[in-house]
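Colleague:
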Amino acid sequence: MSSIDRIDENGAVVGQHELADALLADQINVGLLHQVVTAELAGHRQGTAAAKSRSQVAGTGAKQWRQKGTGRARVGSGKVSQFTGGGVAFPPIPRSYSMKVNKKAKALAFRMALADLVAGGTVRVLSGTTFDEPSAKRAAGILGKIELEKPLLVLVGGEEVAALKSFRNLAGTRVLTIGEAEVQDYIWAKSLLFTDAAVAFLERGLNVGGDS
Numbered sequence: 001m002s003s004i005d006r007i008d009e010n011g012a013v014v015g016q017h018e019l020a021d022a023l024l025a026d027q028i029n030v031g032l033l034h035q036v037v038t039a040e041l042a043g044h045r046q047g048t049a050a051a052k053s054r055s056q057v058a059g060t061g062a063k064q065w066r067q068k069g070t071g072r073a074r075v076g077s078g079k080v081s082q083f084t085g086g087g088v089a090f091p092p093i094p095r096s097y098s099m100k101v102n103k104k105a106k107a108l109a110f111r112m113a114l115a116d117l118v119a120g121g122t123v124r125v126l127s128g129t130t131f132d133e134p135s136a137k138r139a140a141g142i143l144g145k146i147e148l149e150k151p152l153l154v155l156v157g158g159e160e161v162a163a164l165k166s167f168r169n170l171a172g173t174r175v176l177t178i179g180e181a182e183v184q185d186y187i188w189a190k191s192l193l194f195t196d197a198a199v200a201f202l203e204r205g206l207n208v209g210g211d212s
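Under my numbering, think of the first position of the sequence shown as 1, with each following residue one higher.
Here is the structure:
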């Protein structure tokens, strides 16, 4: 198991949290991380770009003038792309950019990204701290005291709406619920801060973990 510090609002270490080996990968496979992150980024693309081709625009398909004798270039239709109102040549059409990634591969990539942060000693658990109402001032004060290097990823529990709102507008900080964080978020960050609820959610799927 790997130990990470549990800290309070003032940045003081109040204990250790043991992360089970099942949450961390033994080796980092850069190729796999690249594959998973590429798939995540592709999945965010809307793929709604569209334009009309010659067959889709309104207009006549009749030949515009006779083939020879006019001194003009030959044209076979009124809907060609060089005419105003004509169709686009090879237009973009709506498509899906999604890429298939096996569940096991994605899970392994998560463990690699987390293991890299843990190995760097930049992961903490914010212990015993709850937000009854949003307060960016309080959140900024907490980050100022714990002195984690930015960019910082803050992961909160799905029900911690006030905490999510408190951290979301702070410079160099990205806050997400633990369930929506992607591999790219872990790779983006130099430091990682869990709330109690977030680390509990992370371990609940494996039924592991504990404090000391």
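All C-beta atoms in this analysis are idealised placements derived from N, C-alpha and C, irrespective of residue type, glycine included.
Measuring CA to CA, which of Arg6, Leu33, Val154 is closest to lysine 104?
Modeller: If we check each option's Cα against that of lysine 104, Leu33 comes out closest.
Colleague: Does DSSP put aspartate 8 in a helix, a strand or coil?
Modeller: Looking at aspartate 8 - three-state DSSP - the assignment turns out to be coil, as it is neither helix nor strand.
Colleague: Can you check which of these residues, Lys79, Ala20, Ala107, Gly47, is closest to glutamine 184 by C-alpha distance?
Modeller: When only C-alpha atoms are compared, the closest one is Ala107.
Colleague: Let me check understanding here. Comparing Cα to Cα, which of Arg74, His44, Gly157 lies closest to leucine 193?
Modeller: Nearest of Arg74, His44, Gly157 to leucine 193, Cα basis: Gly157.
Colleague: Using the C-alpha atoms, what's the distance from phenylalanine 110 back to serine 135?
Modeller: Roughly 30 Å separates the two Cα atoms.
Colleague: Skipping 5 residues on each side, what residues in its chain have a beta carbon closer than 6 Å to that of valine 101?
Modeller: Closer than 6 Å at the Cβ level, and outside the excluded window around valine 101, lie Val36, Ala39.
Colleague: In the DSSP assignment, what are the bridge partners of threonine 177?
Modeller: The partner list for threonine 177 (beta bridge, DSSP) reads Val156.
Colleague: So arginine 45 and serine 127 are in contact, right, with Cβ under 8 Å, and what is the actual spacing, rounded?
Modeller: At roughly 39 Å, the Cβ-Cβ gap does not stay under 8 Å, so arginine 45 and serine 127 are not in contact.
Colleague: Who are arginine 124's beta bridge partners in DSSP?
Modeller: Answer is Asp5, Leu193, bridged to arginine 124.
Colleague: Please confirm whether proline 92 and alanine 50 have their CB atoms less than 8 Å apart.
Modeller: Yes, Cβ-Cβ distance for proline 92 and alanine 50 is below 8 Å.
Colleague: Helix or strand or just coil, what does DSSP make of valine 183?
Modeller: Looking at valine 183 - three-state DSSP - the assignment turns out to be helix.
Colleague: Give the straight-line distance between the Cα atoms of glycine 11 and alanine 139, rounded to the nearest whole angstrom.
Modeller: The alpha-carbon atoms of glycine 11 and alanine 139 are separated by roughly 12 Å.
Colleague: Do you know offhand how far alanine 162's Cα is from alanine 119's?
Modeller: Cα to Cα, the separation comes out at about 30 Å.
Colleague: I believe valine 199 touches valine 175 by the beta-carbon criterion, under 8 Å. Please report the beta-carbon distance rounded to the nearest angstrom.
Modeller: Actually they do not touch by this definition, with Cβ atoms about 15 Å apart.
Colleague: What three-state label does DSSP hand valine 13 in the structure shown?
Modeller: Of the three classes helix, strand and coil, the one that applies to valine 13 here is strand, per DSSP.
Colleague: Along the chain, which unbroken stretches of the alpha helix (DSSP H) at least 4 residues long are found entirely within the region 56-132?
Modeller: Listed in chain order, the complete alpha helix (DSSP H) runs (minimum 4 residues) inside the region 56-132 are 103-119.
Colleague: Is glycine 31 helix, strand or coil when you go by DSSP?
Modeller: Glycine 31: helix per DSSP, three-state reduction.
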